[in-house]
Each structure stands twice: as C-alpha cells, then as structure tokens.
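Chains as they are written, first to last, in the working numbering: chain A, 168 to 280; chain B, -11 to 98.
From the three backbone atoms N, C-alpha and C, an ideal C-beta is built for every residue, glycine too.
Here the structure is a predicted model, which means the values were calculated and not measured.
Before any comments, here is the structure.
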C-alpha cells in the first residue's frame, strides 16, 4: 500500500519550544519533501531530501532543519518555534523520475502560541 | 516568488456544469501536474501533461498546455459535488524541485 504518514496530525506549542514533525513512507522513494501551506500562498517548499543524509534547502528554509537517517523517514525540526511558523506542514515523497509525481501525507497542523 | 501561479480565486458552480481553471508559469518546465486537495487531506495528483503534449484527457478531466505562453488549463466536465476541492498546478524542470501555484478553490453545489 502506497502511503505517506505524518505524525502528529495536530500540535500546539508555545513560542520558543522545539518542534519535531515526523514523516514516513512505505514506497522506498529516494526523494522526500517538506512543504508548508498557508492561506493564499499555496504550498511553499522548505526542504528536499534526495536520499539518506543528502538534503537541500528549498525556497523558505530559514528557521527549519531536517534529518533523514533512513530512506523511509524524514523529519522536520523547528528549533525555538516562532508564531509565524504556525501553518499546515505537508510531507511528500517521489520516485524521483523525470515526471516527479509527489505523494503527500495528510499534513500536520501546527499552532505556535 | 512562485514559478507556477494561478489566479487565486474561488469558483462556485452547480453540479453538472463544466469548469475551467488556468495556470501560468514563469520558467521553463518539462511537465505540468495538476493536484486536487480535498478538505483536511494532502494534495493528490489528478492529471499530468508533458511539454511535448498539447492536451491530455483522463475521464472528465482535460488538461492543456501551451508552452509558448507558458500556461496550462484544467477543465472538468459534468462536475459533481465530490469535485469540491482546491486545485493546484505544479511545475517541474525534470529535476527534483516541484513548485506549486496558489490554487483555485472550487465549490460544486448539488
């Protein structure tokens, strides 16, 4: 079954706390992504991971870092979260072909108070 | 700035009507993908059109691509209430980066 799983689905944190968002996929895809979605802005790319320990900044990496120690697992870390990081975060994976179809998880809704 | 962009808009139509959404992009792309996102879910690919194709059909969906004007459209014929969603176009250069537009919100009333 092709699936991307995100945990947790909902998270409330206080400003300055650390946040860990987790993503797993069961398709052995090499490439994984983190996007954030805000109203009126579509999906903005935070980071791309090409494989284990091979990560690249996307369009809005500031304030975020990632970790990929296993091909099936990709984490997004917010060190000392800020209120403007309140958003819905989506993880996606892709087989990395020229068509690059993305398979998305259901998202994590993060509120930073 | 975003490479792919739609005129962010909300469309409200009645079930059975046809609808067309447009997307323009700013840079070269090898493929345009259209995703649908239903409430509370992640986006899911519904149709993909390559740069050497002018039109692609899949069931009630029809995508077009005009590389000269750097624009694409998605048409849905005979809409259903279950087509209610936000529709995104996304562009890629054949590499790993996929850029999404801001989306078109479609509401189909029964």
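Checking 8 Å against the spacing of the C-beta atoms, do residue 79 of chain B and residue 8 of chain B come in under that value?
no
Select from B/77, B/68, B/74 the residue whose C-alpha is nearest the C-alpha of residue 2 of chain B.
B/68
Measuring CB to CB, does residue 215 of chain A end up less than 8 Å from residue 84 of chain B?
yes
Would you check if the stretch 178 to 190 of chain A and the stretch 214 to 233 of chain A touch, i.e. whether three or more CB-CB distances between them fall below 8 Å?
no
Taking the DSSP output, what are the residues bridged to residue 92 of chain B?
B/-3, B/75
In chain A, what lies closer than 8 Å to residue 105 of chain B by C-beta?
The structure shown does not extend to residue 105 of chain B, since chain B is modelled only from -11 to 98, so the question has no answer here.
Counting only beta-carbon atoms, is residue 198 of chain A nearer than 8 Å to chain B?
yes
What is the residue span of the beta strand (DSSP E) that residue 277 of chain A lies within?
275 to 279
With 8 Å as the C-beta to C-beta threshold (strictly closer), list the residues of the stretch 26 to 37 of chain B near chain A in chain order.
28, 29, 30, 31, 32, 33, 36
Distance, residue 88 of chain B Cα to residue -10 of chain B Cα:
Note that residue -10 of chain B has pLDDT 29, beneath the 50 cutoff, so the model's placement of it is unreliable and the number below is only indicative. So the two alpha carbons sit approximately 7 Å from each other.
Please tell me whether residue 5 of chain B has its Cβ less than 8 Å away from any Cβ of chain A.
no
Taking buried to mean at least 16 other C-beta atoms within 10 Å of its own C-beta, is residue 127 of chain A buried or exposed?
Residue 127 of chain A lies beyond the stretch modelled for chain A, which goes from 168 to 280, so this question has no answer here.
Evaluate residue 72 of chain B with the Cβ neighbour count: other Cβ atoms within 10 Å of its Cβ, from every protein chain shown; 16 or more gives buried, anything less gives exposed.
buried
According to DSSP, residues forming a beta bridge with residue 219 of chain A
DSSP output for residue 219 of chain A lists no bridge partner at all.
What does a CB cutoff of less than 8 Å around residue 269 of chain A pick up in its chain, not counting 5 residues either side in sequence?
200, 259, 260, 261
Which residues in chain B have a C-beta closer than 9 Å to the C-beta of residue 263 of chain A? List them in chain order.
84
State the DSSP-derived secondary structure class of residue 58 of chain B, mapped to helix, strand or coil.
coil
For residue 10 of chain B, which three-state DSSP category applies?
strand
Enumerate in chain order the residues of its own chain whose CB-to-CB distance from residue 232 of chain A is below 6 Å, with the five nearest sequence positions on each side excluded.
244
Please state whether DSSP places residue 120 of chain A in a helix, a strand or coil.
No statement about residue 120 of chain A is possible, as the shown extent of chain A runs from 168 to 280 and does not include it.
For chain A, is any of its Cβ atoms less than 8 Å away from the one on residue -10 of chain B?
The pLDDT assigned to residue -10 of chain B is 29, lower than 50, so where the model puts this residue is not dependable; a value taken from the coordinates is nonetheless given after this. Interface residue, yes.
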